[in-house]
Every structure is written in structure tokens, then in C-alpha cells.
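K.L.:
Dumping the structure here so I can ask a few things about it.
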Amino acid sequence: MPSACDSLLDDIEDMVTSHDPTPHERQFARRSIVPRPRPRRQQLQLEKRPFVIPGTQKIWVRTWGCSHNSSDGEYMAGQLAASGYKITENPSDADLWLLNSCTVKNPAEDHFRNSIKKAQEQNKKVVVAGCVPQAQPRTEYLKDLSVIGVQQIDRVVEVVDEAIKGHSVRLLGQKKEKGKRLGGARLDLPKIRKNPLIEIISINTGCLNACTYCKTKHARGDLASYPIEELVERARQSFQEGVCEIWLTSEDTGAYGRDIGTDLPSLLWELVKEIPEGAMLRLGMTNPPYILEHLEEMVRILQHPRVYAFLHVPVQSASDSVLMDMKREYCCADFRSVTDFLQQRVPGITIATDIICGFPGETDEDFEQTMELVRQYRFPSLFINQFYPRPGTPAAKMEQVPAHMKKQRTKELSALFHSYKPYDHKIGERQRVLVTEDSFDSQYYVAHNKFYEQVLVPKKPELKGKMVEVDIYEAGKHYMKGRPVEDAQVFTPSIAQPLQKGQVSGLPQVSLLDRLSLARSTPVFILKKAKQSEWLTEKLSAEREQMNAALTADLWS
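All residue numbers for the sequence shown refer to the UniProt record's numbering, where the first residue is 1 and numbers rise by one.
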């Protein structure tokens, strides 16, 4: 069929004729092309609204969960205060709520979620931290909220600054050095201790286990230990600030150092060298597998006069079948070996433990074995937990024990625990106790004896922070009451005056008016090597308030 074209092209080059412009002429023509100007949009009028300068607001910090979480909360409060924010204990007065969460049990997360809802109802700005957002950051109720990961607490000021401005920031990364995961934020950060007499030091984060019920593992990850020298320096600094009691904490203190070529006893012997006379050290929780190989050394440490003869060793269940389903990596005989060995060689030692009631697959026979363990050892401190399936854990997918049965077992174990009184035989004893806290009802001071047993003493200011002798005259389920011995020596273990409640401890180097950005300029002020004090914090806050007013006035003039 003939083509519609009269002439055929034998080659594509035949498309170019001698009458067409050359490539050079095309390029020259391009330079003379002028883009058509578009109509300019009208300038938007700047709304007159208060200019927000981060650092002048009030922050309410709320923490749930373990002592590791408490330490994180203290660090975050300290950094915010050092940057000029005012930490308030009244949530209604706060401009922003910093909510530091716990993911161990459903009730703790429920309280956390309800607090977020309450803050939003009151039009408070919210920043969330802790294990819940770290483990499940895509949870619906956390949508659009600013998040601080458990290893990013040293950047809390940045996140709060942005939240105050109305932005949403999420920092959930892991800290690494040369490819190796670190224990977390630095230990020498500014801090506000909830109790100026007690320093909580996290010696490592994460653990070596993979318990099927544990959600904390999803947040804290694998074991990462701080170097011994950093922990010793932190303890030394704490004693220089008037602290008289140190708590060592982590997800598993017994596993400390396995990732960096050391162990728990090596750390403890170095720390003991720094403890002033009369001050005390308390060990945190350790799982049976990692303390078994150090028992001889631990006996010598727990016998030391400046270390509490106290150890928290969770058993969770006395049934080997249940322990296997939990993937606890020990059997009940291992727990008994640890407990028997320590009780024989450290007379009077307090062994605290945890038990989960109603773990998936737990039979009546399994539960009875647990009851028998408690009858035998009559633990003076027993943490009883009804099992709650945590989302994303293997145990949540197992066949569950009926809710009414879990409640009944929890009730039975609680009744057994309350059926014996561990301290009645101590009435009439004379004990040396360290007074560090207020009682829950604020009627007494709380002291602890060598075995970390709670002794209530009269609320006399001269006793706070002192090592005193008392005569035990009354005993309850969880406490004893002691009467100070007349004319007995009252010893002061603190080597310096304790900080005032709310006073910032930590770094001598503080950023002032950092990240202050205006439409016209971005002034940044840095105060180098300034001593932390109440005066500094108040002065900083006042300076920010003055600059806020001055710059706002200038902006609209």
C-alpha cells in the first residue's frame, strides 16, 4: 500500500536540511529568551501574636516504673532546669507535661495513656519518654506527640524546645561508639534528685535474656554496660554533693560488664573504695543465672559494712515448666541455690523476689509449687504480679489462663504473704539505721538498717541524713518502729552539705539561651564552666523572661 508521503526518508539525518538553524544558532537564541514575569502575590500580613521563647516555661515531670526510669526522669528534669525551664510539682501550673512511661504492665501504660489524654484536655503541650514510646512508637495515641527515646535523654532540651514552639520531634535512635552500642546518655549530665540524699546510678541498660512476657526488652534492648571508671566518677561526684546512699540499678545488675570484659564484683569493689563512712550502697535486681558464678565474691561484698545485706532476685515461678515457657534460663533449683548460699553465709540477709501469677499454661500444680516456695522461705519482701499479656510479646500469643483464675491465684498468694510477720522477733533489738526519706503518710522519717529493712523513726529534722542508733519497739508487716537511743552518737555520713530539694546537680558547663531564634536574628548565648546552683537557675530564668519581653516589644515596634 503506498505511503501518504510522496517522498521517503532513507535516513533520520535527512530530516535536517540546510535551511534549518545550526546547534550553535539554537544555543545563542536560548540566551535571548526572557521568562515572562508572573504577577507577585500580595505579602501576607504578619499576625500579631506572642513570641514564644523556649526556656521560660514551667515543666511538670511525671515518671512511672523502676528506679532506672526514675534516674532517667531526674536527668531530664536537671537538664531542663539547667537550661532555664522551671520544674514544677503542680501539673495545673505547667505549660508542658513530660511523661516518662513504663511498659512492664498494662496498668502502668493505662495511667500513662490517661495522663496524655488529660493533658490534651487541658491544652497542655506534651512530650513523652520512657519504654512505651521506645517499644511501640507507632501506637495511635502517641500520634503527633514529641518523643524522647530511652537512650536520647541527653537531648531532652532540644525536644522540649521544639514542642514548646508547637513542633513534633521524635528521637528514638541508639547511642553507639565505633559501632558498639553504649549504655546510654552520659552519667555526668545535670540532674535533679527526687531525694537529695539518694543517688540512683544505672550501671547498664538492657539485658542478655529474651523472656517471653517482657516488653521492656523491646525498649531497652541488649546489654550495654557503662565503663567502671565512669560509674566510679559518678559515685564520687554524688558523695561530694552530700549524697549518703547510692542505689545501683539496671534491667539486670548481675549481667553487668559481660559486654565490656568485666563483671559486677569488679565494679562493686571499686565503688566501695569511694563510699564514706556511714554512707551505704544498695544493689539492684539480678537474675539467678548471672549471680551464680559470683556467689563467693558477692558474699564478701554483702558483708561489707557500707553495703546493704540485701539482694533482689526474681524467681517469677517455682515451676520449671513455667520457667521454661518464660525462657528464664534457670530452674527453681538455681534460685534455691542462690538463696540458701547467701542466707547461710550472710546471716540476716534480705532476699526480695518477684512472682507472676497466672502465666499462660500455669496449672494448679505449678502454682502450688510457687506457694510452697513462699511457705518455705517466707520472703520479707515479695512483689506479686498478676500476669498481663503485653502486645508484641510471645506470651501474649500463648493460651491464656482465665482471668478469674489469675485473680484467684493472686489473691491466694497475697493472703499467704500477709499471713506471716517477718519482723516481730526483732522487737527489743538495738539497731544502727541510716535516715534518708519521709514516710508515705509524712508522719515519720524512713530509715534502713544493715539488711535494708524499713525502720520508722520520729520526724526530727536533726535525724535526716544521719546514721543513728534506735531501739525497736514495734513491728508491722513491712516496717519496724525505732526510738532513738538517748545520748547515742549521731553520725553524719555526708562529706558535704546535701543539695536543696530541686537544686540542679551535674555538669559545670551549661548552655544559656541556646537555640533562641528570631525573625531578624538568631542570638545564642553560652555560659561556659558556670557552677550549677539555684542562683544560676533563677538568674537564667529571669534573664530569659526579660529578653522575651524586650524582643517581643521590639518585634512589634
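Glycine is no exception: its CB is placed at the ideal position from the N, C-alpha and C atoms.
In terms of residue numbering, what span does the alpha helix (DSSP H) encompassing His-312 cover?
P.N.:
For the purposes of this step, residue 312 is taken as residue 312 along the sequence shown, with counting starting at 1. Per DSSP, His-312 is not a residue of any alpha helix (DSSP H); the beta strand (DSSP E) it occupies stretches across 310-312.
K.L.:
Taking only runs that begin and end inside the segment 370-406, name each unbroken alpha helix (DSSP H) of 4 or more residues, in chain order.
P.N.:
none
K.L.:
I want to know whether the segment 486-501 touches the segment 181-198 - three or more CB-CB distances under 8 Å.
P.N.:
Segments in contact, yes.
K.L.:
Please report the distance separating the alpha-carbon of Lys-58 from that of Ala-219.
P.N.:
The residue labelled residue 58 in the question sits at position 58 within the sequence shown. The residue labelled residue 219 in the question sits at position 219 within the sequence shown. Lys-58 and Ala-219 have their C-alpha atoms some 28 Å from each other.
K.L.:
Taking 6 Å as the limit between beta carbons, can you name the residues of its chain near Phe-379, skipping five residues before and five after?
P.N.:
Looking up residue 379 in the sequence shown gives position 379. Same-chain partners within the cutoff: Thr-353.
K.L.:
Give the DSSP-derived three-state secondary structure of Leu-80 in the structure shown.
P.N.:
On the sequence shown, position 80 is the one that residue 80 refers to. Here Leu-80 sits in helix by DSSP.
K.L.:
Might you give, ordered along the chain, the residues of its own chain that have their beta carbon closer than 7 Å to the beta carbon of Asp-471, omitting 5 neighbours on each side?
P.N.:
In the sequence shown, the residue the question calls residue 471 occupies position 471. Excluding sequence neighbours, Asp-471 sits near Arg-430, Gly-482, Arg-483, Val-485.
K.L.:
Bridge partners of Arg-62, per DSSP?
P.N.:
Start at 1 with the first residue of the sequence shown, and residue 62 comes out as number 62. Answer by DSSP bridge pairing, in chain order: Leu-99.
K.L.:
Taking Asp-222 as the reference, which of Ile-200, Ala-235, Leu-182 has the closest Cα?
P.N.:
In the sequence shown, residue 222 corresponds to position 222, counting from 1. Asp-222 has its Cα closest to that of Leu-182, out of Ile-200, Ala-235, Leu-182.
K.L.:
Per DSSP, what are the beta-bridge partners of Ile-351 in this structure?
P.N.:
Locating residue 351 in the sequence shown gives position 351, counting from the first residue. The partner list for Ile-351 (beta bridge, DSSP) reads Leu-311.
K.L.:
By how many angstroms is the C-alpha of Val-132 removed from the C-alpha of Leu-231?
P.N.:
Taking the first residue of the sequence shown as 1, we reach residue 231 at position 231. Taking the first residue of the sequence shown as 1, we reach residue 132 at position 132. So the alpha carbons of these two residues sit roughly 27 Å apart.
K.L.:
So the alpha helix (DSSP H) Pro-133 belongs to, where does it begin and stop?
P.N.:
Position 133 of the sequence shown holds residue 133. Per DSSP, Pro-133 belongs to the alpha helix (DSSP H) from 131-135.
K.L.:
For Val-127 versus Ala-163, is the C-beta spacing smaller than 7 Å?
P.N.:
For the purposes of this step, residue 127 is taken as the residue at position 127 of the sequence shown. For the purposes of this step, residue 163 is taken as the residue at position 163 of the sequence shown. Yes; because the gap between Cβ atoms is below 7 Å, this pair is in contact.
K.L.:
Who are Leu-281's beta bridge partners in DSSP?
P.N.:
Walking along the sequence shown from the start, residue 281 turns up at place 281. DSSP, once it has assigned bridges, lists Ile-246, Val-307 as partnering Leu-281.
K.L.:
On the CB-based measure, 16 or more other CB atoms within 10 Å of its CB, does Ser-533 come out buried or exposed?
P.N.:
Here residue 533 corresponds to residue number 533 of the sequence shown, with the count starting at 1. For Ser-533, the pLDDT reaches just 38, beneath the cut-off of 50, and the residue's location in the model is therefore unreliable, leaving the point undetermined.
K.L.:
So what does DSSP say about Val-322, is it helix, strand or coil?
P.N.:
In the sequence shown, counting from the first residue as 1, residue 322 sits at position 322. Of the three classes helix, strand and coil, the one that applies to Val-322 here is helix, per DSSP.
K.L.:
Give every residue of the same chain whose Cβ lies closer than 6 Å to the Cβ of Leu-208, excluding the five residues on either side of it in the sequence, and list them in chain order.
P.N.:
Locating residue 208 in the sequence shown gives position 208, counting from the first residue. Hits under 6 Å: Leu-223, Ala-255.
K.L.:
Express the C-alpha separation of Leu-80 and Tyr-377 in angstroms, rounding to a whole number.
P.N.:
For the purposes of this step, residue 377 is taken as the residue at position 377 of the sequence shown. For the purposes of this step, residue 80 is taken as the residue at position 80 of the sequence shown. Those two C-alpha atoms are separated by around 46 Å.
K.L.:
To which residues of the same chain is His-304 closer than 7 Å at the C-beta, ignoring the five residues directly before and after it?
P.N.:
Taking the sequence shown and counting its residues from 1, one reaches residue 304 at position 304. Cβ neighbours of His-304 beyond the five flanking positions: Val-272.
K.L.:
Express the C-alpha separation of Ser-225 and Asp-366 in angstroms, rounding to a whole number.
P.N.:
As a first step, residue 366 must be located in the sequence shown, where it is residue number 366. As a first step, residue 225 must be located in the sequence shown, where it is residue number 225. Answer to the nearest angstrom: the Cα atoms are 35 Å apart.
K.L.:
List the whole-angstrom C-beta distance separating Tyr-213 from Ile-153, where the pair is believed to meet the contact cut-off of C-beta under 8 Å.
P.N.:
Taking the sequence shown and counting its residues from 1, one reaches residue 213 at position 213. Taking the sequence shown and counting its residues from 1, one reaches residue 153 at position 153. Incorrect: roughly 26 Å between the Cβ atoms, too far for contact.
K.L.:
Looking at Leu-98 and Val-61, is the spacing between their C-beta atoms short of 7 Å?
P.N.:
Translated into positions along the sequence shown, residue 61 becomes position 61. Translated into positions along the sequence shown, residue 98 becomes position 98. Yes, these two residues count as a Cβ contact at 7 Å.
K.L.:
With a threshold of 16 other CB atoms inside 10 Å of the CB of Ile-203, please say whether the residue is buried or exposed.
P.N.:
Translated into the one-based positions of the sequence shown, residue 203 becomes position 203. Answer is buried; the Cβ neighbour count reaches 16.
K.L.:
Which residues does DSSP pair with Glu-469 in a beta bridge?
P.N.:
As a working note, residue 469 is residue 469 in the sequence shown. Arg-432.
K.L.:
Shortest alpha-carbon distance to Tyr-308 belongs to which of Gly-73, Met-480, Cys-244, Gln-122?
P.N.:
What you label residue 308 is simply residue 308 of the sequence shown in a count that begins at 1. Of the candidates Gly-73, Met-480, Cys-244, Gln-122, the residue whose Cα lies closest to the Cα of Tyr-308 is Cys-244.
K.L.:
For Phe-491, does the three-state DSSP call read helix, strand or coil?
P.N.:
Locating residue 491 in the sequence shown gives position 491, where the first residue counts as 1. Three-state result, Phe-491: strand.
K.L.:
Grab me the residues of Ala-488's own chain with a C-beta within less than 8 Å of its C-beta, minus the 5 sequence neighbours each way, in chain order.
P.N.:
Here residue 488 corresponds to residue number 488 of the sequence shown, with the count starting at 1. Residues of the same chain with a CB within less than 8 Å of the CB of Ala-488, apart from the 5 flanking positions on each side, are Val-468, Glu-469 in chain order.
K.L.:
Let's test the definition: count the other Cβ atoms within 10 Å of the Cβ of Gly-206 and tell me whether it reaches 16, buried, or not, exposed.
P.N.:
Position 206 of the sequence shown, counting from 1, holds the residue named residue 206. It counts as buried.
K.L.:
Of the residues Val-104, Ile-228, Asn-69, which one's Cα is nearest the Cα of Tyr-388?
P.N.:
Position 388 of the sequence shown, counted from the start, is the residue given in the question as residue 388. The candidate whose alpha carbon is nearest that of Tyr-388 is Val-104.
K.L.:
Please list the terminal residues of the continuous beta strand (DSSP E) segment that includes Pro-288.
P.N.:
The sequence position of residue 288 within the sequence shown is 288, counting from 1. Note, Pro-288: premise wrong, no beta strand (DSSP E); alpha helix (DSSP H) at 288-291.
K.L.:
When the distance is taken between beta carbons, is Tyr-445 closer than 7 Å to Val-457?
P.N.:
Position 457 of the sequence shown, counted from the first residue, corresponds to residue 457. Position 445 of the sequence shown, counted from the first residue, corresponds to residue 445. Yes, the pair counts as a contact, with Cβ atoms nearer than the cut-off.
K.L.:
Can you say whether Glu-199 is buried or exposed, counting buried as having 16 or more other CB atoms within 10 angstroms of its CB?
P.N.:
Taking the sequence shown and counting its residues from 1, one reaches residue 199 at position 199. Label assigned to Glu-199: buried.
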